[in-house]
Amino acid sequence: MNQENIDDRVHKDYYYFINQDAVLIRQEKNNLMPRVEYNEYLKTFYKKKTQLIFSKYKNSPWFIKRYQNKKHNYKGRLTGFIEHLKEDFFVNNVLIKEIKDEIKEEELKDLAAKCLYFKEFNEFISLKEKNQQFIRNAIISIDGDLNESVKFLESISEGTNLEFEPIILEETSRRTSIKSPDDLSNVKIIVKILCDNYGLTNESINGTDLLKFLEGEAIKSLNEFNYYLNFLRKVFLFCYYCLKQFDSYMELNLRCGVNHEFSSDCIVDLSEQRIFDRNINVIKTWVNFPIIMEEIKNDDRDSAIDKYVIKKDAQVFGCKLCSKDFSGLHFVRLHLNKRHPECLKDLQNEFNAFDNFLSNIDYKMFSRLSGIDIFYLPKFLNEVNNLNKIRYSERVFSGEIVIKRK
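If you're matching positions, the sequence shown starts at 1 in the UniProt record's numbering and goes up one per residue.
Quick look at the structure:
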């Protein structure tokens, strides 16, 4: 196989994996594309995924609220955790499923407030398992007759196409067989990642940096792992075993129960453990995620401006708006920014919105972009692993290894 064919194979593999729905962890990338630098692969993968998500949801009110403004503020929840405040738990709830964008959040709140025995309203965004599309849902918590409340909601919401489902929650715990010698290390890494992303790392508790404070309290608790698990649930509404972050305490209880813990009574599922371990490795890549997002911002701005550029020769670039020529791509971009700002105004607004999105990506969005799924390995990985392929190897194709027929 000559070098041209090898490069062509690498190129085809690269774009095949870029177009999949789940990101490769480093070891998978090394096995499948050893000549491709991992950070460059991550940048290309996430650039494509963020552009697709932004294009699909950029006009949705929930998306604008969530990703065009500041990130979630968890300082209040941190205070509640430190002060051991107990959150309200409601047994009787009404779930509103798959709410259309046309129905404003204020309308939902007004509707909920009119509900009989109303106590609390929480809207949340979730992924539809079938097609991984984001959908709006809401929970109305009540303190009274559930069926009566549902009937009343149906009577005052005719014509809205809202679906109401009565939900009775119990303060029960979920159990799992997932267990790893790296559990404590993993949970501490996730705590730091979330604290960094949501601006809590620099918080001080009684004169001590937050992470140091947590470390000391975890040791004093005599069960460090469980202490950090509880911290993730109480502060970030994050379940370690589900590897999901929820939008409200009631959603957490709805999807995960009041607790989710290891139990030796559960039947060990090696497949489930492998999937979990892989997802943990995906989450660890979030450490460099903000850097990748900054690089994508800069790249995307230049590539969008280039719609007004025409290449005339190897080093000659023209401006489509005034027909002037320049001896380099850099100079024509400078010219466009300086001489034609009015034509770039719409582009600028798009840039700003996309930049805000990249700056405000939360764990829920990161999980969607990365293809994290606690039930299945990415389908394309199963297909690759089940094929007996000879992939590119410098040593094999150099001729150093010679295979002779007997």
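All residues carry an ideal CB built from backbone N, CA and C; glycine is no exception.
What you are looking at is a predicted structure, and each value in this text was computed from that prediction instead of being measured.
Return the CA-CA distance between residue i and residue j, expressed in angstroms with no decimal places.
i: residue 111; j: residue 121; result: 10 Å
i: residue 77; j: residue 67; result: 20 Å
i: residue 248; j: residue 295; result: 32 Å
i: residue 139; j: residue 123; result: 6 Å
i: residue 254; j: residue 343; result: 49 Å
i: residue 104; j: residue 361; result: 22 Å
i: residue 13; j: residue 382; result: 16 Å
i: residue 324; j: residue 338; result: 13 Å
i: residue 232; j: residue 348; result: 38 Å
i: residue 389; j: residue 229; result: Because the pLDDT of residue 389 is 48, which lies under 50, any placement of that residue in the model is unreliable, and the number read from its coordinates should be weighed accordingly. Whole-angstrom Cα-Cα distance: 41 Å.
i: residue 226; j: residue 239; result: 12 Å
i: residue 273; j: residue 64; result: 36 Å
i: residue 212; j: residue 235; result: 16 Å
i: residue 221; j: residue 83; result: 15 Å
i: residue 27; j: residue 278; result: 10 Å
i: residue 192; j: residue 366; result: 16 Å
i: residue 359; j: residue 47; result: 13 Å
i: residue 141; j: residue 154; result: 16 Å
i: residue 161; j: residue 150; result: 14 Å
i: residue 190; j: residue 85; result: 23 Å
i: residue 184; j: residue 126; result: 28 Å
i: residue 95; j: residue 146; result: 11 Å
i: residue 407; j: residue 224; result: In the structure as shown, the chain begins at 1 and stops at 406. Residue 407 is therefore absent and cannot be evaluated.
i: residue 218; j: residue 245; result: 22 Å
Between which two residues does the beta strand (DSSP E) carrying residue i extend?
i: residue 319; result: 316-319
i: residue 222; result: Note, residue 222: premise wrong, no beta strand (DSSP E); not H, not E.
i: residue 262; result: 259-262
i: residue 99; result: 92-99
Excluding sequence positions up to five away, which residues of its chain have a Cβ less than 8 Å from the Cβ of residue i?
i: residue 275; result: 373, 374, 375, 376, 377
i: residue 266; result: 175, 176, 177
i: residue 91; result: 168, 169, 170
i: residue 306; result: 329, 333
i: residue 263; result: 175, 176, 177
i: residue 331; result: 317
Which term fits residue i, buried or exposed, when burial requires 16 or more other beta carbons within 10 angstroms of its beta carbon?
i: residue 156; result: exposed
i: residue 129; result: exposed
i: residue 287; result: exposed
i: residue 310; result: exposed
i: residue 268; result: exposed
i: residue 19; result: exposed
i: residue 322; result: exposed
i: residue 89; result: exposed
i: residue 159; result: exposed
i: residue 202; result: exposed
i: residue 428; result: There is no way to answer for residue 428, as the model of the chain reaches only from 1 to 406.
i: residue 74; result: buried
i: residue 197; result: buried
Do we get a CB-CB distance below 8 Å when we pair residue i with the residues of chain B?
i: residue 70; result: Note that chain B does not occur in the displayed structure, where there is just one protein chain.
Give every residue of the same chain whose Cβ lies closer than 7 Å to the Cβ of residue i, excluding the five residues on either side of it in the sequence, and list them in chain order.
i: residue 327; result: 315, 316
i: residue 109; result: 121
First and last residue of the alpha helix (DSSP H) that includes residue i?
i: residue 280; result: 270-284
i: residue 243; result: Element bounds for residue 243: n/a, residue is neither H nor E.
i: residue 486; result: Lying before the first or after the last residue shown, residue 486 is absent from the chain, which here runs from 1 to 406.
i: residue 413; result: Lying before the first or after the last residue shown, residue 413 is absent from the chain, which here runs from 1 to 406.
i: residue 40; result: 38-57
i: residue 342; result: Element bounds for residue 342: n/a, residue is neither H nor E.
i: residue 201; result: From DSSP, residue 201 is part of no alpha helix (DSSP H); its letter is neither H nor E.
i: residue 365; result: 363-370
i: residue 78; result: 75-82
i: residue 70; result: Run containing residue 70: none; DSSP gives neither H nor E here.
Can you name, in chain order, every residue of its own chain whose Cβ lies under 6 Å from the Cβ of residue i, other than the five neighbours on each side?
i: residue 132; result: none
i: residue 259; result: 173
i: residue 251; result: 124
i: residue 3; result: In this prediction, residue 3 scores a pLDDT of 43, lower than 50, which makes its location untrustworthy; no coordinate-derived value is stated.
i: residue 21; result: 371
i: residue 312; result: 318
key: Any alpha helix (DSSP H) of 4 or more consecutive residues that is wholly inside the region 140-188   = 146-156
ask   = If you scan the region 103-143 from start to end, which runs of the beta strand (DSSP E) of 3 or more residues do you find wholly inside it?
value = 118-127, 134-142
ask   = For the UniProt domain "C2H2-type" (319-340), which segments carrying the alpha helix (DSSP H) assignment without a break, of at least 4 residues, lie completely within its bounds, in sequence order?
value = 329-339
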